[in-house]
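Input: a single structure, listed below in structure tokens.
Numbering (our numbering), first residue to last: 281 to 429.
Dropping the structure here:
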């Protein structure tokens, strides 16, 4: 009987030690997962902020001027647009609108310091009226100007 009491006490002590070890291991595993998750989350957010900042910096460096707009009524209501890139980056003209109607969306790359004339574009406009011409780049820079036809 004395021997069985001794074994029971020994087992009780072992169960306390084993449960304490299991708790320590579980806490260590949970802590490791939390550290890994936090590192990956912060790395993703850092990359996202870096991309947004670079995009905004490029938008600030982008600059262009609509130098001239010609309207041709003799050849069936067409217009040409001359654009000068005055910024530090090459730009891509993505759309041209006349009176809030998209009239051109082919895409034209203009290198730094260059001037490009967009070939004649068919428009529906009336001679003698002011036309609102809106030029938009791929990065989102917009220029609105009014021109007489």
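Backbone N, C-alpha and C fix where the C-beta goes; we use that ideal spot for every residue, glycine too.
Given this structure, state the Cα-to-Cα distance separating residue i from residue j, to the nearest angstrom.
{"i": "residue 323", "j": "residue 364", "result": "40 angstroms"}
{"i": "residue 415", "j": "residue 320", "result": "41 angstroms"}
{"i": "residue 428", "j": "residue 361", "result": "13 angstroms"}
{"i": "residue 398", "j": "residue 313", "result": "57 angstroms"}
{"i": "residue 387", "j": "residue 400", "result": "14 angstroms"}
{"i": "residue 375", "j": "residue 311", "result": "52 angstroms"}
{"i": "residue 392", "j": "residue 326", "result": "30 angstroms"}
{"i": "residue 300", "j": "residue 318", "result": "27 angstroms"}
{"i": "residue 297", "j": "residue 303", "result": "10 angstroms"}
{"i": "residue 406", "j": "residue 329", "result": "47 angstroms"}
{"i": "residue 340", "j": "residue 333", "result": "11 angstroms"}
{"i": "residue 367", "j": "residue 338", "result": "10 angstroms"}
{"i": "residue 357", "j": "residue 411", "result": "12 angstroms"}
Using 8 angstroms for Cβ pairs, my map puts residue i next to residue j. What's the rounded Cβ distance?
{"i": "residue 359", "j": "residue 316", "result": "About 59 angstroms separates the two Cβ atoms, so there is no contact after all."}
{"i": "residue 421", "j": "residue 372", "result": "Not really, about 10 angstroms apart at Cβ, beyond 8 angstroms."}
Mapping DSSP to helix, strand and coil, what is residue i?
{"i": "residue 306", "result": "helix"}
{"i": "residue 374", "result": "strand"}
{"i": "residue 418", "result": "coil"}
{"i": "residue 364", "result": "strand"}
{"i": "residue 431", "result": "Within the shown structure, residues of the chain are numbered from 281 to 429, placing residue 431 beyond reach of any answer."}
{"i": "residue 403", "result": "coil"}
{"i": "residue 380", "result": "coil"}
{"i": "residue 428", "result": "strand"}
{"i": "residue 333", "result": "helix"}
For residue i, count the other beta carbons within 10 Å of its own beta carbon; 16 or more makes it buried, fewer makes it exposed. Which is it?
{"i": "residue 378", "result": "buried"}
{"i": "residue 350", "result": "exposed"}
{"i": "residue 308", "result": "exposed"}
{"i": "residue 305", "result": "exposed"}
{"i": "residue 342", "result": "buried"}
{"i": "residue 383", "result": "buried"}
{"i": "residue 413", "result": "buried"}
Just tell me which of the options has its CA closest to the CA of residue i.
{"i": "residue 394", "options": "376, 382 and 369", "result": "369"}
{"i": "residue 424", "options": "345, 356 and 331", "result": "345"}
Run the proximity test for residue i: is its beta-carbon closer than 7 angstroms to any non-hydrogen atom belonging to the ligand NAP?
{"i": "residue 375", "result": "As far as ligands go, the structure on display features none, and thus does not contain the ligand NAP."}
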